[in-house]
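Numbering (our numbering), first residue to last: 1 to 457. Note that the Cβ used here is the ideal one computed from N, Cα and C, for glycine as well. What you are looking at is a predicted structure, and each value in this text was computed from that prediction instead of being measured. Scroll down for the structure; my scribbles are underneath it.
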């Protein structure tokens, strides 16, 4: 682990966010890339308060709004930045709501989306695309900050058959490189004035270039914007963007919260499985509950290569496309479900765990479950844990993917006995035997009460 060194140079910091609030570093178990910029804002590898990913989305949305010439409220942006800084310093009081300190749920009017700000009004048609699996919630949060004729779509690693125009592209450095856009309605990608791609960080930026070329070849757009928390592209990588602009004859703009450069020296070990630092704190096992709580429309899609097996997916995640009206309804449904689950809590420290690319809805629901709630998600990203203060990933839980036998999944940074309970949110139907390895691992981490919340049958 000590043979890998990464250095960074910050060049632009648009909202003056301290870097220690935004990210830390870890070593990948991946021969394609040894290092990982681990976000402290999006709730993937590091648990965060429910409001943090929404604040990150608002800051990115504000970055875009300013570039488009839309009016923004600077004191609102500063207040969100201060919230992130105070939270990281452990000085933020325990409060309710997905946006934390800005409004009590009791002040939210019925049928109004729960937002502490006025949305930015887009002047034309736009499509927002969030990258799986890391930025599905981040992209959705950005989309939710706007009003107008705009829609949201996230890429997916789910291999679904059916009447979709599936656009394929690759994330070459990734552990699971194949990505897809499922175009269920051509109007999603036709007639847009702007197409916005959202990711948590870009290094080479090649993934965005790949999807832009794929989309532009079939559904020409007028303008592309790449929104990212971190932009580490080299001069050569930025030249690649300029070159593609010329080739396609369409503007491509990259907007980041923090822009800079980095260098790396050495490698991390590549093993059959990552180095293990598990939370071994077994105590008396509590209840394991399975709650089936349908929410909104279920899309039954055929899983490719499964011999015709169909699986249920939520229609409101963004995988199949989502408009503003559907999104506002989703917020109402999430508030009702969160308040229902709040009444079933059994502890003062609760983890709400999304699964894979299913992040936004669990985080939104968690924001209405009361104080003392943290959120994060499982991931397929293999990272070496290491018990060191300045290292981003200290603990690791490994379990088999319930839907892909032999494919390992991970949950990071659950110290021993830190949570009283965990709510694990599954979009698809799971059976007790499929999640038994995860139950055992969570119990070994000293979490006595485990509840699985299942949305689709």
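| request: Measure the Cβ-Cβ separation of residue 141 and residue 395 and say whether it is below 9 Å. | output: For residue 141 and residue 395, no; Cβs fall outside 9 Å.
| field | Exposed unless 16 or more other CB atoms sit within 10 angstroms - verdict on residue 308 | value | Exposed: under 16 other Cβ atoms inside 10 Å.
| Residue from 38, 63, 422 with nearest C-alpha to residue 76 | Each of 38, 63, 422 was checked against the Cα of residue 76, and the nearest Cα belongs to 63.
| message | Can you give me the C-alpha to C-alpha distance between residue 262 and residue 46, rounded to a whole angstrom? | response | About 22 Å.
| task | Closer than 6 Å by C-beta to residue 338: which residues in its own chain qualify, once you throw out the five before and the five after it? Chain order, please. | result | Same-chain partners within the cutoff: 365, 368, 369.
| query | Buried or exposed: residue 190, going by 16 or more other Cβ atoms within 10 Å of its Cβ? | reply | By the 10 Å Cβ count, residue 190 comes out exposed.
| request: Kindly indicate the opening and closing residues of the alpha helix (DSSP H) around residue 326. | output: Looking at the DSSP string, the run of the alpha helix (DSSP H) that includes residue 326 is 324-342.
| What's the gap between the Cα of residue 413 and the Cα of residue 393? | C-alpha separation (whole angstroms): 6 Å.
| Helix, strand or coil at residue 295 [DSSP, three-state] | Residue 295 falls in the coil class under three-state DSSP.
| Straight-line gap, residue 447 to residue 80 (C-alpha atoms, nearest Å) | Distance between the alpha carbons of residue 447 and residue 80: 32 Å.
| Nearest CA to the CA of residue 168: which residue from 134, 216, 332? | Out of 134, 216, 332, 216 has the C-alpha closest to the C-alpha of residue 168.
| query | From 37, 425, 397, 454, pick the residue whose C-alpha is nearest to that of residue 440; which is it? | reply | Taking the Cα of residue 440 as reference, the smallest distance to any Cα among 37, 425, 397, 454 is reached at 397.
| message | Just to confirm before moving on: does the CB-CB distance between residue 535 and residue 287 stay below 9 Å? | response | The chain is shown only over 1 to 457; residue 535 falls outside these bounds and no answer can be derived.
| field | Nearest residue (CA-CA) to residue 236, options 205, 213, 83, 386 | value | Considering only alpha carbons, the answer is 205.
| For the ligand GTP, is there a heavy atom less than 8 Å away from the beta-carbon of residue 335? | The ligand content of the structure shown is nil, which means the ligand GTP is not present either.
| field | Separation of residue 48 from residue 85, as counted between CA atoms | value | Roughly 13 Å between the two C-alpha positions.
| said: With the cut-off set at 9 Å, would you say residue 265 and residue 6 are in Cβ contact? | reply: Residue 6 is positioned such that its CB atom lies closer than 9 Å to that of residue 265.
| field | Other residues of its chain near residue 304: CB distance less than 7 Å, five sequence neighbours each side excluded | value | Taken in chain order, the residues that qualify are 159, 160, 161.
| Roughly how far, in whole angstroms, is the beta-carbon of residue 341 from the beta-carbon of residue 423, given that I think they are within contact range, below 8 Å? | Taking the Cβ atoms as the reference, residue 341 lies roughly 7 Å from residue 423, within the contact range of under 8 Å.
| field | Under the three-state DSSP convention, the category residue 418 falls into | value | In this structure, residue 418 counts as coil in the three-state DSSP scheme.
| message | Give me the residue from 153, 37, 28 with the minimum Cα distance to residue 19. | response | Minimum Cα distance to residue 19 is reached at 37.
| request: Just list the alpha helix (DSSP H) runs in the segment 149-236, keeping only unbroken ones of 4 residues or longer that don't cross its boundaries, in chain order. | output: Fully enclosed alpha helix (DSSP H) runs of 4 or longer: 206-218.
| said: Applying the 10 Å Cβ sphere with the 16-neighbour rule, what's the burial state of residue 404? | reply: That one is exposed.
| Which of helix, strand or coil does DSSP assign to residue 369? | In the three-state scheme derived from DSSP, where H, G and I count as helix and E and B as strand, residue 369 is classed as coil.
| task | Can you give me the Cβ contacts of residue 13 inside the same chain, cut-off strictly under 7 Å, excluding the 5 residues immediately before and after it? | result | Around residue 13: 258.
| Supposed close pair residue 150, residue 130 - CB separation, criterion 8 Å | At roughly 13 Å, the Cβ-Cβ gap does not stay under 8 Å, so residue 150 and residue 130 are not in contact.
| query | Is it right to say residue 50 is buried, meaning 16 or more other beta carbons lie within 10 angstroms of its own, or is it exposed? | reply | Buried, because 16 or more other Cβ atoms sit within 10 Å of the Cβ of residue 50.
| task | Using the Cα positions of residue 89 and residue 152, report the straight-line distance between them to the nearest angstrom. | result | About 34 Å.
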